[in-house]
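Visitor: Quick one: the structure is below, questions incoming.
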Amino acid sequence: MSCQCHDGYLLKEDGKICERIDPCTVKNGGCSQICHFKNDALSCHCHEGFLLKEDGKTCKRVDPCTIKNGGCSQICHFRNDVVSCQCEDGFILKEDG
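In the working numbering, each residue carries its 1-based index in the sequence shown increased by 1374.
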């Protein structure tokens, strides 16, 4: 006689007990960055500077220029994951950028 487990469970070595598989251990649970599995619920999260897209699994980079103008006092540019500040005509950029 052999036991079988439902999907999402794995039969332990004793052959009698089914143990819940942490879905985060398989392809990161489908999350693009951070996977959490607690109380039988999987949730995806993003690193700082990223937001979770509507699909609930994929993270997208936040344009830092949309938050406090990226730390720039006048004009903010965000290209290739780099923030650069620029001055309006008649102003000079300080050494701190």
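All C-beta atoms, glycine included, are put in the ideal place defined by N, C-alpha and C. This structure is a prediction, so every number in the text was calculated from the model and none was measured.
1. Taking only three categories from DSSP, how would you classify C1439?
2. Between D1414 and D1381, what straight-line distance do the alpha-carbon atoms span, to the nearest angstrom?
3. Considering only the beta carbon of each residue, do P1397 and L1416 sit closer than 8 Å?
4. Please report the straight-line C-alpha distance between Q1407 and G1464, rounded to a whole angstrom.
5. Can you tell me whether C1461 is buried or exposed, with buried defined as 16 or more other CB within 10 angstroms of its CB?
Guide: Let's see:
1. helix
2. 13 Å
3. yes
4. 43 Å
5. exposed
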